[in-house]
Each structure stands twice: as C-alpha cells, then as structure tokens.
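There are 2 protein chains.
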Amino acid sequence: MIAETAREKITESGLKFTHQRMVVYNALQVSADHPTAEMVFAKVKEANPSISLGTVYKTLENFVKAGLLQKFTDDSGVMRFDPMLETHSHLYCTATQQIKDYKNPELELLLKKYLQANQIEDFEVEEVSLVIKGKTK
Amino acid sequence: MIAETAREKITESGLKFTHQRMVVYNALQVSADHPTAEMVFAKVKEANPSISLGTVYKTLENFVKAGLLQKFTDDSGVMRFDPMLETHSHLYCTATQQIKDYKNPELELLLKKYLQANQIEDFEVEEVSLVIKGKTK
DNA sequence: TTCTCAAACAGGAATAATTCTTATCTGATA
DNA sequence: TATCAGATAAGAATTATTCCTGTTTGAGAA
C-alpha cells in the first residue's frame, strides 16, 4: 500500500512522519515529468486542500536534504524536483522547454571511468550529470 | 584595439552597434568567472555610469540570441553568462558554490562520438554539456 | 489513554531576480 | 543633416522563493 511505503521512506530518512509529507512524497513518486514546486502544490491540493505553498517548498527541501529527492534548476531559473535517485542525465528540449530523464548506464559508466582515469586538478568529483540540449522529433 | 573587435563582433552578429553593447561585450571578454547580470552591471558601470540594469539584462539576452554568449542557470537559480563559445563543461563546487570552466577536448570528443553512434530515440541532439559536482581540494 | 514539547504547519508578508512599460534618445542610412 | 526603427533609462510590475509568527500535531513518556 502506497501510504505504508511513504511512511517507511520518510521515517527511515530520519524525518517525522506527517500527512503533508506523505502527500508530497506520493505526488512525486507518480510524476513522470520534473515538477516545479508550484506543480507539486497543485497536485498535492487534491489530496490535502489546506496545505500551504510554503510547506510544499519546505518539505521538498527537507526531502532533498534527506536524500529522498534530487533538485536542479532549469534554464529559466525555476527549481525542478526529481524522484529518481540513481544518477541519470537530462534531455532538455529547446523548443518546448520540456525536460525528460535520460538513463543510460553505459554512458554513465563511460564517464565515470574516464574521470577516474583522468583526475581533474585540485577537484574531487562527487557527481556527474549530463545536460543534453536539442529538439524532440 | 579592443573597441574595434567588439564593434566587429557586434555588427557581424547582426546587432546595431551601441556604446552600451560595447561595454557589456568587453566586460564579458575579460571576466574569468561566470558573472551574473548584477556582476556585469557593476563592472560595466565603471565604463558607463549611466547604464541601467534593464539594459544590461536586455543586452545579455540579445548577445545570447545572437550567439555571442552562452547562458545557464546556477543551482541557486541565478543566471550566469559565459563568454566562451566552444562547448565545455562546468565544475560546480558544492562547498563554495563557485563555478569554473572545465575544458577537455578529449572528453568532449568522447561524448560526441558516443551520442552519434548511439542515437537517442525521438531526439535530435544540438549540444551537450557536463555538470561535474564536487569539492575543490 | 492523556500529557508534553520539539518540530511542523498555515497564512501571509518580505525579498530578490528578472521582465515589462513608457517616454526619450541614438546610430545607420539616405 | 533629417529620418525613423530600434535602443536606452528609469522605475514599476511580476514571479519564484524564503521568512516570520502564532497555531497545530506527531511521537514518546507517564
């Protein structure tokens, strides 16, 4: 049951379990796109009409800190939240501004190996991600 | 002479040459970091104290459209402008939030070749960039 | 179960980056 | 040098995000 999974994930990550956190968590698990805080807010209101936008922002930030979500900023400067935790790249369509995940373990391995073999001077790599810009056909 | 180069580049790109555009152009050519619009504004005021912030924003945007600059957004959602035109990657320090260019033609070639050999379904790649997060030693 | 309290929440005010608006000015061309 | 489309200055407006304050709630103790 989805409520149980959410509860487990949230408490496991060291956060107090609340109804608001549960609905935000669930909203992100089912979202295929990379929602903004406003998009999460709109979706979450269906399940909890009295939630406030500030709570959504704070909850998303807490989830990022707790390692449940990834956050990045799109080209127009808006924060996007991403339920996937494995490293993956993003396809950014320059025509429609849509963002899609692009998972390619082979490519990730290639990059990881390259950066291990060729250390960057004075820099310790933690994470690598690829932004591929172009157009959806 | 730097004024001549600026004039050429600006008119070549199809934009009308103005004093404001020249000082913005020159400010970016000499900046090693990836300035924000505010940083450009501060620098440009030395050469032209009466320039307005709105003009700086508009000019930077025009330069991006004309292909003289690259634009991206940093993790805190602020726009950064980048005088380099060749594809290159960014090193993002998670401790200090500093951004540095990382140019590595070998790595770029590797990526380009990989993406040519392994087409992404329904997507036409225009540009690839790597965001490498980590810590400066 | 009820009590207690640190943490979370709602609601809205405040802030910061960016865009827009309008009246004025300027560069390129004739 | 006169013309005019496009560029600029100044500041108002907008948008995303953070902050503040009083109220509520979840989790553990008694």
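Sequences listed follow chains C and Z, in order. Those letters in the first sequence? Residues 1 to 137, by the working numbering. Those letters in the second sequence? Residues 1001 to 1137, by the working numbering. Beta carbons: idealized from backbone N, C-alpha and C, even for Gly. Treat the numbers as computed from the prediction; the structure is a model and nothing was measured.
Any beta carbon of chain Z sitting closer than 8 Å to that of residue 16 of chain C? Interface annotation, residue 16 of chain C: not in contact with chain Z, CB-CB separation never under 8 Å.
May I have the straight-line CA-CA distance separating residue 50 of chain C from residue 41 of chain C, to the nearest angstrom? Rounded to whole angstroms, residue 50 of chain C to residue 41 of chain C spans 11 Å at the Cα level.
What separation, rounded to the nearest whole angstrom, lies between the Cα atoms of residue 175 of chain C and residue 92 of chain C? Absent from the model: residue 175 of chain C. The displayed extent of chain C is 1 to 137, so no value can be given.
Whole-angstrom Cβ separation of residue 1048 of chain Z and residue 1023 of chain Z, contact assumed at under 8 Å? In this structure residue 1048 of chain Z touches residue 1023 of chain Z by the C-beta definition: roughly 5 Å separates them, less than 8 Å.
How would you list, in chain order, the residues of chain Z whose beta-carbon sits under 9 Å from the beta-carbon of residue 120 of chain C? When 9 Å is used as the limit between beta carbons, residue 120 of chain C is near these residues of chain Z: 1091, 1102, 1104, 1132, 1134, in chain order.
On the premise that residue 1068 of chain Z lies in contact with residue 1013 of chain Z, defined as a C-beta separation below 8 Å, what is that separation, rounded to the nearest angstrom? At roughly 6 Å, the Cβ-Cβ gap stays under 8 Å, so residue 1013 of chain Z and residue 1068 of chain Z are in contact.
Run down chain Z in chain order and give the residues with a C-beta less than 7 Å from the C-beta of residue 67 of chain C. Correct list: empty, because the minimum Cβ distance to chain Z is about 14 Å.
Quick one: list the residues of chain Z neighbouring residue 54 of chain C, beta-carbon separation under 7 Å, in chain order. Under the 7 Å cutoff, chain Z gives no residues; its nearest Cβ is about 17 Å from residue 54 of chain C.
From residue 125 of chain C to residue 1033 of chain Z, what distance separates their C-alpha atoms? CA-CA distance, residue 125 of chain C to residue 1033 of chain Z, rounds to 20 Å.
Whole-angstrom C-beta distance between residue 102 of chain C and residue 1099 of chain Z, which should lie under 8 Å: Taking 8 Å as the upper bound for CB-CB distance, residue 1099 of chain Z and residue 102 of chain C are not in contact here, some 23 Å apart.
Residue 127 of chain C: contacting residues in chain Z (beta-carbon distance under 8 Å): Near residue 127 of chain C (Cβ distances below 8 Å), the residues of chain Z are 1132, 1133, 1134.
Buried or exposed for residue 1131 of chain Z, going by 16 or more other Cβ atoms inside 10 Å? Answer is buried; the Cβ neighbour count reaches 16.
Who are the neighbours of residue 1137 of chain Z on chain C, taking C-beta pairs under 9 Å? Within 9 Å Cβ-Cβ: 121, 122, 123, 124.
Looking at chain C, is there any beta carbon in it that lies within less than 8 Å of the beta carbon of residue 1074 of chain Z? At least one CB of chain C lies nearer than 8 Å to the CB of residue 1074 of chain Z.
Round the Cβ separation of residue 1073 of chain Z and residue 73 of chain C to the nearest angstrom and send it over; I've been treating them as touching at under 8 Å. Between residue 1073 of chain Z and residue 73 of chain C the beta-carbon gap is near 5 Å, inside 8 Å, which marks them as a contact.
Measure from the alpha carbon of residue 1057 of chain Z to the alpha carbon of each residue in Z:1079, Z:1005, Z:1089, Z:1088, then state which is nearest. Minimum Cα distance to residue 1057 of chain Z is reached at Z:1079.
Partners in chain Z for residue 87 of chain C, counting only beta-carbon separations shorter than 8 Å: Neighbours of residue 87 of chain C across chain Z, judged by C-beta separation under 8 Å, do not exist; the nearest C-beta is about 11 Å away.
What's the call for residue 2 of chain C, buried or exposed, on a 16-neighbour Cβ count within 10 Å? Because the pLDDT of residue 2 of chain C is 47, which lies under 50, any placement of that residue in the model is unreliable, and the number read from its coordinates should be weighed accordingly. Exposed, because fewer than 16 other Cβ atoms sit within 10 Å of the Cβ of residue 2 of chain C.
Tell me which same chain residues have a C-beta within less than 6 Å of the C-beta of residue 1136 of chain Z, skipping the five on either side of it? Answer for residue 1136 of chain Z: 1093, listed in chain order.
Residue 34 of chain C, DSSP secondary structure in three states: Reduced to three states, the DSSP call for residue 34 of chain C is coil.
Same chain only: Cβ atoms within 7 Å of residue 15 of chain C, ignoring 5 sequence neighbours per side: Residues of the same chain with a CB within less than 7 Å of the CB of residue 15 of chain C, apart from the 5 flanking positions on each side, are 21, 62, 66 in chain order.
Taking DSSP as the reference, what is the three-state secondary structure of residue 55 of chain C? Three-state result, residue 55 of chain C: helix.
Residues near residue 127 of chain C by beta carbon distance below 7 Å, same chain, minus five either side: Contacts found: 87.
Can you tell me where the alpha helix (DSSP H) with residue 24 of chain C in it begins and where it stops? For residue 24 of chain C, the enclosing alpha helix (DSSP H) covers residues 19-29.
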